[in-house]
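Under this note's numbering, residues 2 to 109 are what the sequence shown spells out, in order.
In this text, a Cβ means the ideal position worked out from N, Cα and C, and glycines have one as well.
These notes concern the structure reproduced below.
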Amino acid sequence: MLIEITYFFRWILSSIIFVFWAYTVKLNSMSKNEAALASDDNVWNDKDSDDFLRYLKHEFFLVAHVLSFILMEFTVGFGSSIFYEGVGLRPFWPVQSLICVFMSVRAL
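Given below as structure tokens:
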């Protein structure tokens, strides 16, 4: 239950990070190009017709999913809170080094 609760709050944190980042850099959608939007009859798919999370839905789910996994792996692998002591022993070799590999592969 602790891992599920932690993952839920990491998903919220990664969503906040993505929304802040996408809004500050004025991110454009990679999955919706201007030619596809111009030929589309649905006006709600346009950039300025609805909120930008609907416009960036694919990017939001992708970044929030990957970032929440990275944050979760870091929390469980390197967290020093008393709540994560029940996870078990986490020596650097092989457990934490393997978690570093997981995090780097997931970040790529």
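Distance between beta carbons of residue j and residue i, contact taken as under 8 Å
| i | j | result |
| --- | --- | --- |
| Arg-11 | Leu-72 | 4 Å |
| Leu-68 | Phe-19 | 7 Å |
| Tyr-85 | Val-77 | 6 Å |
DSSP state of residue i mapped onto helix, strand, coil
| i | result |
| --- | --- |
| Leu-54 | helix |
| Val-20 | helix |
| Arg-91 | coil |
| Ser-69 | helix |
| Val-26 | coil |
| Ser-98 | helix |
Neighbour-count burial assignment, residue i, 16 or more Cβ in a 10 Å radius
| i | result |
| --- | --- |
| Val-64 | buried |
| Leu-109 | exposed |
| Phe-93 | exposed |
| Ile-9 | Inspection of the sequence shows that residue 9 is occupied by Phe rather than by Ile. Classification for Phe-9: exposed. |
| Phe-57 | Correcting the residue type first, residue 57 is Leu in the shown sequence and not Phe. Buried, because 16 or more other Cβ atoms sit within 10 Å of the Cβ of Leu-57. |
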